[in-house]
Every structure is written in C-alpha cells, then in structure tokens.
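J.:
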Amino acid sequence: MTLVEEGSLLREELHLATAAKNILFATDFSTASEAALPYATSICRRFGGTLHAVHVLSDANILMMTGGVDYVGIGTIYEEAHTEAKEKLDQIVARSEDIPSHIYIRHGQVWANLAGIVAENNVGLIVVGTHGRTGLGKLLLGSVAEDILRHAPCPVLTIGPKVTGRAKLRALRNRDLAPVELEVHQVVYATDFGPGSDAHAALAAVLAEEFHARLTLIHVIENYKELHSRPGPIEKGLRQLRELIPESAGLYHAPETLLEFGDPAERILRDAADREADLLVLGAHPARARSSATHLPWSTAHQVIAHAKCPVLTVPG
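Using the numbering used here, you'd call the opening residue of the sequence shown number 878 and step up by one each time.
1) Between which two residues does the alpha helix (DSSP H) containing P1141 stretch?
2) Report yes if the CB atom of D1148 is closer than 8 Å to the CB atom of V1061, and no otherwise.
3) Quick one: complete alpha helix (DSSP H) runs, 4+ long, within the segment 898–929?
4) Once the 5 residues before and after R1165 are set aside, which same chain residues still bring their CB inside 6 Å of it?
5) Given a cut-off of 8 Å on the beta-carbon distance, is the pair P1191 and V1004 in contact?
6) Just checking my contact of A1198 with L1121 at CB under 8 Å: how many whole Å lie between their CB atoms?
7) Can you list, in chain order, the residues of its chain whose CB lies under 7 Å from that of L1018, leaving out five sequence neighbours each side?
8) Measuring alpha carbon to alpha carbon, tell me which of C1187, L1135 and E1124 ends up nearest E1153.
9) K898 to E911, Cα distance in whole Å?
10) Please report the distance separating the alpha-carbon of A1085 from that of N990.
11) Can you give the Cα-Cα distance for R1050 and R972, rounded to whole angstroms?
12) Taking Cβ to Cβ, would you say R1144 is nearer than 8 Å to E1133?
13) Nearest to H1130 by CA position, among A1090, I1098, N999 and R1116, is which residue?
14) Which complete beta strand (DSSP E) runs does the segment 1072–1105 hold, if anything under 3 residues is left out?
15) With a threshold of 16 other CB atoms inside 10 Å of the CB of P1030, please say whether the residue is buried or exposed.
16) Hey, quick one: how far does the beta strand (DSSP E) through E974 stretch, first residue to last?
17) Would you list the one or two residues that DSSP bridges to I1036?
18) Can you tell me which of G925, E957, T918 and D1140 puts its alpha carbon nearest to the alpha carbon of L934?
19) Nearest by alpha-carbon distance to D1155: which of P1123, F1088 and V931 is it?
20) Quick one: Cα of A903 to Cα of E1112, how far?
21) Can you list, in chain order, the residues of its chain with a C-beta nearer than 8 Å to that of Q1117? Leave out the 5 residues immediately preceding and following it.
22) When the distance is taken between beta carbons, is T1035 closer than 8 Å to A1022?
23) Restricting to Cα atoms, I'd like to know which of R1027, G1194 and I969 is closest to T1068.
24) Going by C-alpha distance, which of L928, L1128, A917 and T895 is nearest P977?
25) Can you check which of these residues, E1099, L1059 and A1082, is closest to L1092 by C-alpha distance?
26) In the DSSP assignment, the alpha helix (DSSP H) including P1193 goes from what residue to what residue?
27) Using only the alpha-carbon positions, how far apart do L1128 and G925 sit?
28) Pick from L1026, L1059 and L966: whose alpha carbon is nearest that of S919?
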C-alpha cells in the first residue's frame, strides 16, 4: 500500500495549504531573480500566504566592491549596500501591496541566514530564480541555489531562464506586478522510486487536484541494453508507477504513466515539453545524503532545473 490511499490526499492537501502560508523569496536583484517573483506573489495570493523577501549581502561581493580600501571604507560600502538593498526590497513589497509581507537584509553566508528565517517563520516554500549556467554545475549566486536545494527542509520552487509560454508569468509595465493567477494544467512528476517517492507522488497528485490539472508520472531506465533478455525491470517499473497513484485517489483526470529509456534529463525534459508541462516535481534527499541532492543524480536534477521550460519543484523527503 502507498501513501496515496484514502485520507492521504487530504493530509497532503492540508500540508500544502500550511506550506503556502509563508513563502520565502530569495533574491540578488538580478534578472534571473526577478523572473521568480511573480510566482512567489501568485502563490501567496492563491493560498492567502505571507511573502518573506530576503537579500543576503555576501562578504565576497562586499570585498569586491571595496577594491582593497581600508576598514572604514568597507564599513561605508556595507552601509550603502544595505540601504540600496532595503530600497529595492521595499519596492518589491510595494508592488505586491495586497499581500502581507516582510523584508530581511542579512550579511554573510546565504544559506546560514536563510535557514534562520525559514525556521523562525515556519516557511513552507522557498522560491528562487536560476540563471541555468552549466559547466561547474552551479546555479544562481554561484552555489547558493544548490545549497538551498541540498539543505532546505521545505519544498523549493526554481524558475529557470528557459521558462516559456503559459508557464511564464510576466510583469506589467512600470515594473508593477501583474495581478495574475497561477495556472497549472499539466503536472509532471519524475521519480527513481527512491525513499519518499510515494509521499512526493501524493503531493504531485494534490497539486494536480488543486488546479484540476493532468498528472504524468515518469521513470527513466538508463541502463537498458539488456532489457530484451530481462523484461522484469520494465514490468516492475510500470507497476510501481501505477501503484503510486491508485484509482482511489479520485483525480479529475486519470494519471498517465511513462516508462522511458536513455538519458534521464533528456527524457524528462522532452516529455515535459511535449506535454507543455506547467510544473515539474522532483524528490529531494536531505543534506546528509552526500551522493546526490535529489533522488535523481545531482547532474540530472541540475540539467532539468537549468533547461526546463516550466518551474521545477523539489520536495525533501
């Protein structure tokens, strides 16, 4: 029996409503960061949540700005950076005047500061933009987004640079946020059946139910050359996918299950694009799982996050 039985969807629904009450939006004021802001505000509007807008002044950036000046110069530059950050955060909350909000300016390591805000305010969702750069496998603010994904005790919604079409929420002229509603017509959940996959599938199902959306569940078999002589993994994979969301879940649309073969990132991205997915859901391991940041290898998760045409939700478990 999976977690998606009678009563479990209700529990996940209650968890979703609670999670959406406090949304943390982490920003460095870059274009990539600003692309994520409409998602944070639209989620707050839909679920009646509070927006927590955060900017962390990093020591590295302050040192680069000083150019080797003396201690007094460093202090002056820090004060100026703090003032500028407050003005920008004030502008953000002013543009979302109908949403309860708080702003935070911190100094030092980003995740160390975000962790305290998350704990103190019972934050249930972190929203962050990514620039999608590859090579060193780093995201927004160097390794910051990766740190968030590895350590966050709550779901993280990442908005990459390739988000397009219906999944892209645009701002109005004069930098005012559009009073848009978050639309989700297709949810895609990718899994390798790791620990917690049934609970993550339940959350994906609740999201599909909340928005009356279609749900597709995907598992990719990477090593498939000998499957012609070993059909067991195919049958097992299809059965496991079907068991994640049984008929008793009562979704508006019957879930679609896909068993794919090849490179996981390529297949997940292709299937999501083919279905014009509005949301991709991935499971995430806690920080102590050093081998990977997600159930999928980190390299796969990074490629999905960096190249997805829709937002990606990673869920700890």
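Virtual Cβ for every residue (Gly too), placed ideally from N, Cα, C.
T.: In short, the structure shows the following:
1) In the sequence shown, counting from the first residue as 1, residue 1141 sits at position 264. First-last of the alpha helix (DSSP H) with P1141: P1141 to D1151.
2) Here residue 1148 is taken as the residue at index 271 of the sequence shown, counted from 1. Here residue 1061 is taken as the residue at index 184 of the sequence shown, counted from 1. No. Outside cutoff.
3) 908–924
4) By 1-based counting over the sequence shown, the position of residue 1165 is 288. With a pLDDT of 45 at R1165, under the threshold of 50, the modelled position of this residue cannot be trusted, and the question is left open.
5) As a working note, residue 1191 is residue 314 in the sequence shown. As a working note, residue 1004 is residue 127 in the sequence shown. Checking the displayed sequence, the identity of residue 1191 turns out to be Thr instead of Pro. Not a contact, by the Cβ cut-off of 8 Å.
6) The chain is shown from 878 up to 1194; residue 1198 falls before or after that span and cannot be answered.
7) The sequence position of residue 1018 within the sequence shown is 141, counting from 1. Confidence is the limiting factor: at L1018 the pLDDT is only 37, short of 50, which leaves the residue's position unreliable, though a coordinate-based value still follows. Answer for L1018: D905 and V987, listed in chain order.
8) Locating residue 1153 in the sequence shown gives position 276, where the first residue counts as 1. When each option's Cα is compared against that of E1153, the closest is C1187.
9) As a position in the sequence shown, residue 898 is number 21, starting the count at 1. As a position in the sequence shown, residue 911 is number 34, starting the count at 1. So the two alpha carbons sit approximately 21 Å from each other.
10) Along the sequence shown, one-based indexing puts residue 1085 at 208. Along the sequence shown, one-based indexing puts residue 990 at 113. Computed Cα separation, rounded: 33 Å.
11) Locating residue 1050 in the sequence shown gives position 173, counting from the first residue. Locating residue 972 in the sequence shown gives position 95, counting from the first residue. Per-residue confidence for R1050 stands at a pLDDT of 40, beneath the threshold of 50, marking its modelled position as unreliable; no derived number is given.
12) Locating residue 1144 in the sequence shown gives position 267, counting from the first residue. Locating residue 1133 in the sequence shown gives position 256, counting from the first residue. No, the Cβ-Cβ distance between R1144 and E1133 is not below 8 Å.
13) Your numbering for residue 1130 matches position 253 in the sequence shown. The shortest Cα separation from H1130 among A1090, I1098, N999 and R1116 belongs to A1090.
14) 1091–1098
15) Translated into positions along the sequence shown, residue 1030 becomes position 153. Its Cβ having fewer than 16 others within 10 Å, P1030 is exposed.
16) If you number the sequence shown from 1, residue 974 lands on position 97. Careful: E974 lies outside any beta strand (DSSP E) and carries neither H nor E.
17) As a position in the sequence shown, residue 1036 is number 159, starting the count at 1. Paired residue(s): G1006.
18) Position 57 of the sequence shown, counted from the first residue, corresponds to residue 934. Nearest C-alpha to L934: E957.
19) What you label residue 1155 is simply residue 278 of the sequence shown in a count that begins at 1. If we check each option's Cα against that of D1155, F1088 comes out closest.
20) Residue numbering aside, residue 903 sits at position 26 when the sequence shown is read from its first letter. Residue numbering aside, residue 1112 sits at position 235 when the sequence shown is read from its first letter. The straight-line gap from Cα to Cα measures roughly 43 Å.
21) In the sequence shown, counting from the first residue as 1, residue 1117 sits at position 240. So the list reads F1070 and H1096, once near-sequence residues are dropped.
22) Residue mapping note: residue 1022 aligns to position 145 of the sequence shown, counting from 1. Residue mapping note: residue 1035 aligns to position 158 of the sequence shown, counting from 1. Yes; because the gap between Cβ atoms is below 8 Å, this pair is in contact.
23) The count along the sequence shown starts at 1 and reaches residue 1068 at position 191. Taking only the C-alpha atoms, the option nearest T1068 is G1194.
24) Reading the sequence shown from its first residue, position 100 is the one you call residue 977. Comparing Cα-Cα distances from P977 to each of L928, L1128, A917 and T895, the minimum goes to L928.
25) Stepping through the sequence shown from its first residue, residue 1092 is reached at position 215. Cα-wise, what sits closest to L1092 is A1082.
26) Within the sequence shown, the letter at position 316 stands for residue 1193. Taken as a continuous stretch (DSSP letters only), P1193 belongs to no alpha helix (DSSP H), being part of the beta strand (DSSP E) at V1189 to P1193.
27) Locating residue 1128 in the sequence shown gives position 251, counting from the first residue. Locating residue 925 in the sequence shown gives position 48, counting from the first residue. Approximately 24 Å between the Cα atoms of the pair.
28) Sequence index remark: in the sequence shown, residue 919 carries index 42 (1-based). Answer by Cα proximity: L1059.
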